[in-house]
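Input: a single structure, listed below in structure tokens.
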């Protein structure tokens, strides 16, 4: 996920970069961070869709954060905007730019972490990865690339979106723990975990993925599994349609 950080004060720019990098490392999130010292430099670099999240200082020399945000919104109405401010005087103007949240200076690591957690709830898919040991190699795998995880003896066959698979010595429980019990991964049968993002339909007691792969589901839990898929898709739609 690409994050822009705009602040003309080195102290705060370096601090917010440090906290974002630490949050990403602790949560196995892939963040690409870009820092800017003024609004003009940011707008020169900015294109629609280039950043999912923007931290913007309100008080800057030259073009203010409010004016920069207004011009940003002329190009992109969807990226999440978070203001950094030493005063709440400009809050009405800030939220007219559809700001998601604001952080008051001086800020703490805890405050930045909380805002990042809230923002990630409405950004989907999150570029989160896990590390899989396969054939004596440790391989980073983005969760968005995982379609299925199926038990095979003492191993787990992890099917990926590119058509390949990884074989790792672990249980389905180990896999779910690695993902942090990510809600997109559903246990549909003993030893079978599927990524709900790739389930195209449930019929004839099977989950059918977008690539055509079929997986049997627990017959006695069929209704619960169908409901879990619907609930997940509903939450996903609500998240992507949330107004910032």
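Residue numbers (this note's numbering): 1 to 244. C-beta: ideal position from N, C-alpha, C; glycine also.
For residue 133, the three-state secondary structure derived from DSSP is strand.
Ranking 210, 81, 184 and 211 by CA distance to the CA of residue 225 puts 184 first. Burial of residue 52 is indicated by the presence of at least 16 other C-beta atoms within 10 angstroms of its C-beta. Around the CB of residue 233, fewer than 16 other CB atoms lie within 10 Å, so the residue is classed as exposed. When beta bridges are read from the DSSP output, residue 149 appears opposite 158 and 193. Proximity of the region 61-70 to the region 87-98 meets the contact definition, three or more beta-carbon pairs being nearer than 8 Å.
For the set 223, 192, 209 and 1, the Cα lying nearest the Cα of residue 161 is the one of 209. Per DSSP, the continuous alpha helix (DSSP H) segment holding residue 20 begins and ends at 10-26. In this structure, DSSP gives residue 85 an extended state, which the three-state scheme calls strand. Between residue 17 and residue 5 a beta carbon distance of about 6 Å is seen, short of the 8 Å cut, so the two are scored as contacting. In terms of CA proximity to residue 206, 218 leads the group 218, 39, 116 and 137. Look at residue 107 here: in three-state DSSP terms it is coil, with no helix or strand label. Secondary structure note for residue 57: its beta strand (DSSP E) is the uninterrupted segment 53-57. By a beta-carbon distance limit of 8 Å, residue 158 does not contact residue 115. Their separation comes to about 32 Å.
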